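In my numbering, the protein residues as written are 1 to 102.
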C-alpha cells in the first residue's frame with residue numbers, strides 16, 4: 001500500500017521548497033562570516049541576552065583595533081553580560097550563605 005500520486009507529489013514539492021528556502025537563507029547569511037565583528041554583531045542581534053555573544057563581540061572588536069581607538073565600545077560590550085548573569089542569578093550564591101560570612 002503506497003502513497004497516492006498526489007500525496008507523493010505534495011511531499012516532494014514541500015521538501016523541494018524547504019531545501020530552496022534554507023539554501024537561500026544560507027546564501028544570504030554568507031556575508032555575516034566575512035569577519036568576526038560582523039558575525040558576533042549579528043549573533044548579538046539574534047540573541048541579545050546571551051553572555052557568550054556579547055563577550056565574543058567585545059573580543060572581536062578588541063582584536064580588530066590594535067591601537068585601542070574603540071576601547072570604550074569594547075568595555076561597554078564586555079560589561080553588558082554582567083547584567084544578564086546578575087539578572088539570571090545563575091552563579092550567585094544563596095543569600096543565606098552570604099549572611100553568614102564574616
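The beta-carbon is built from N, C-alpha and C at its ideal position, and this holds for glycine as well.
Please read all numbers here as calculations on a predicted model, not as lab measurements.
Query, Result
"Beta carbon of residue 33, beta carbon of residue 57: below 7 Å?", "no"
"Kindly indicate which residue of 16, 30, 26 and 61 has the alpha-carbon position closest to the one of residue 37.", "61"
"Applying the 10 Å Cβ sphere with the 16-neighbour rule, what's the burial state of residue 31?", "exposed"
"Contact check, residue 120 vs residue 54 under 8 Å by CB: the rounded distance?", "Because residue 120 is not part of the residues shown, which for the chain are 1 to 102, the question remains open."
"Taking the straight line between their C-alpha atoms, what separation do you get for residue 11 and residue 20?", "14 Å"
"Nearest to residue 29 by alpha carbon, out of 75, 4, 46 and 71?", "46"
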